[in-house]
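Data block below; observations after.
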Amino acid sequence: MNPYQEKIGIKMWAEADRPREKLLLNGRRHLTDAELIAILIGSGNKDETAVDLSKRILGFYNNDLDALGKVSVKDLSKFKGIGEAKAIAIVAALELGRRRKEADGPDVLKIVTSADAFAVLQPVFADLNHEEFWILILNQANYLIGKQLISKGGMAGTVADPKIIFKTALEHNAAYVILAHNHPSGSLRPSQQDINITKKMVEAGRMLDLYVLDHLIVTDKLFYSFGDEGLI
Numbered sequence: 001m002n003p004y005q006e007k008i009g010i011k012m013w014a015e016a017d018r019p020r021e022k023l024l025l026n027g028r029r030h031l032t033d034a035e036l037i038a039i040l041i042g043s044g045n046k047d048e049t050a051v052d053l054s055k056r057i058l059g060f061y062n063n064d065l066d067a068l069g070k071v072s073v074k075d076l077s078k079f080k081g082i083g084e085a086k087a088i089a090i091v092a093a094l095e096l097g098r099r100r101k102e103a104d105g106p107d108v109l110k111i112v113t114s115a116d117a118f119a120v121l122q123p124v125f126a127d128l129n130h131e132e133f134w135i136l137i138l139n140q141a142n143y144l145i146g147k148q149l150i151s152k153g154g155m156a157g158t159v160a161d162p163k164i165i166f167k168t169a170l171e172h173n174a175a176y177v178i179l180a181h182n183h184p185s186g187s188l189r190p191s192q193q194d195i196n197i198t199k200k201m202v203e204a205g206r207m208l209d210l211y212v213l214d215h216l217i218v219t220d221k222l223f224y225s226f227g228d229e230g231l232i
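If you count the sequence shown from 1, position 216 lands on 216 in UniProt numbering, and the numbers rise without skipping.
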């Protein structure tokens, strides 16, 4: 093999090209996604540098960090050069990023539109590959006073128990609730079960003077509002 074609390890690179040194010299915003991941995994394998390995992983997921954020430790460990410890480091870092996004924004939020509700719920459902059912709990002035996981299921669905939903809302002295669940498939079309449970919840809420304002079906970037569609 021509020696000039051989792979050069990161330690042999010019200092400005090493991810760690590049971060120290220029700041984190000057690093590519692959370089940031390379810092997490520390080293590559005998055939490629940590940066090359990171580029290969990103390329497999179409350079989509949202898609990478949904990947399991087991899936990442299938890449040559990524053991369990490195896979855990990547998953943990992406989860921290998701939680930071969820924590952004003011402490007190007023929910006036379905888009307001979606802004609160999108980080909750981000990167899930199974269904979960949540509620937003609002006071009489429509300010958010809490959000609560009700149930979780598989890819196909989850069960929402009205008794648990209204018990939780009443314990928080709620005036209104907004129902929400995600569709990991990416489909925004409500199922007949979604329609039936919404009607059931709305009717039960009226009897308790605890009104269901909306029911959102959430995907990664979009949502469907029963309220906006005139179904509540």
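All residues carry an ideal CB built from backbone N, CA and C; glycine is no exception.
Item, Value
"Which residue's Cα is closest to the Cα of isoleucine 195: Asp127, Ser225, Ala119 and Ala92?", "Ser225"
"Got a sec: is the Cβ-Cβ distance from histidine 181 to anything in chain C below 8 Å?", "Looking at the structure shown, chain C is missing, and only one protein chain is on hand."
"Determine the extent of the alpha helix (DSSP H) in which serine 114 is found, giving its start and end residues.", "114-125"
"Excluding the 5 residues preceding and the 5 following tyrosine 143 in the sequence, name in chain order all residues of the same chain whose CB lies nearer than 8 Å to its CB.", "Val108, Leu109, Lys110 and Ile111"
"Identify the residues that DSSP records as bridge partners of residue 296: which are they?", "Residue 296 is absent from the structure shown; the chain starts at 1 and stops at 232."
"Going by Cα to Cα distance, which pick from Gln192, Pro184, Leu138 and Phe133 is closest to isoleucine 164?", "Phe133"
"In whole angstroms, what separates the C-alpha of serine 191 from that of lysine 22?", "50 Å"
"Going by C-alpha distance, which of Ala85, Ile90 and Glu84 is nearest lysine 70?", "Ile90"
"When you compare the CB positions of valine 177 and leucine 138, do they come within less than 8 Å of one another, or not?", "yes"
"Between which two residues does the alpha helix (DSSP H) holding isoleucine 195 run?", "192-208"
"Pick out whichever of Gly59, Ala175 and Ala67 has its Cα sitting closest to the Cα of leucine 127.", "The sequence as given places aspartate at residue 127; leucine does not occur at that position. Ranking the options by Cα distance to aspartate 127, first place goes to Ala67."
"How many whole angstroms separate the CB atoms of leucine 210 and alanine 160, which I take to be in contact at a CB cut-off of 8 Å?", "Incorrect: roughly 15 Å between the Cβ atoms, too far for contact."
"Closer than 7 Å to a non-hydrogen atom of the ligand SAM - does that hold for the CB of valine 218?", "Inclusion of the ligand SAM in the displayed structure is not the case, the ligand content being empty and no account of it being possible."
"Which residues share a DSSP beta bridge with phenylalanine 223?", "Val218"
"Look at the Cβ atom of leucine 53, then the Cβ atom of glycine 81, and state whether they are nearer than 8 Å.", "yes"
"Express the C-alpha separation of glutamate 48 and proline 3 in angstroms, rounding to a whole number.", "Confidence at proline 3 is low in this model, with a pLDDT of 37, below 50, so its placement is unreliable and the value that follows should be read with caution. If I take the Cα positions, the gap works out to 15 Å."
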